[in-house]
Amino acid sequence: MKFNHLLPKRLGESNCRDTEKLHQWKPVSVRAVQGNYMSIVFVCKRCKERAGNFISHEQYELHAENLGRECEI
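Everything in the sequence shown is counted per this note's numbering, starting at 10 for the first residue and increasing by one.
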């Protein structure tokens, strides 16, 4: 499952450097942070590049099941 939509547009639509294919971001950690937000760290399955983003708790609840399944929270 791709999670590109949970990253800012410039990261979600960017390509891997070596293959020029679209990044395929996989969440590796999720944690709660101050202000009712969640911090998510992603790694590209193809090139192993790392990225992160903050999403609201409401947005997290929409994707919690899939995020939990992917990164085994």
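No residue lacks a Cβ here, since even glycine has one placed at the ideal position from N, Cα and C. Computed from a predicted model, the values in this text were never measured in an experiment.
Query, Result
"In this structure, does DSSP put residue 82 in helix, strand or coil?", "Interpretation of residue 82 is limited by its pLDDT of 47, a score under 50 that renders its predicted location unreliable; the figure taken from the coordinates is listed afterwards. Residue 82 falls in the coil class under three-state DSSP."
"Rounded to whole angstroms, what's the CA-CA distance from residue 53 to residue 20? Just pull it up for me.", "11 Å"
"For residue 82 and residue 76, what's the separation of their Cα atoms in angstroms?", "With a pLDDT of 47 at residue 82, under the threshold of 50, the modelled position of that residue is not reliable, and the figure given next carries that caveat. Spanning the two alpha carbons is a distance of roughly 8 Å."
"Around the C-beta of residue 12, are 16 or more other C-beta atoms found within 10 angstroms, so that it is buried, or is it exposed?", "buried"
"Residues in its own chain within less than 6 Å of residue 61 by CB, not counting five upstream and five downstream?", "50"
"Counting only the same chain and skipping the five closest in sequence on each side, list residues whose C-beta sits under 7 Å from that of residue 17.", "62"
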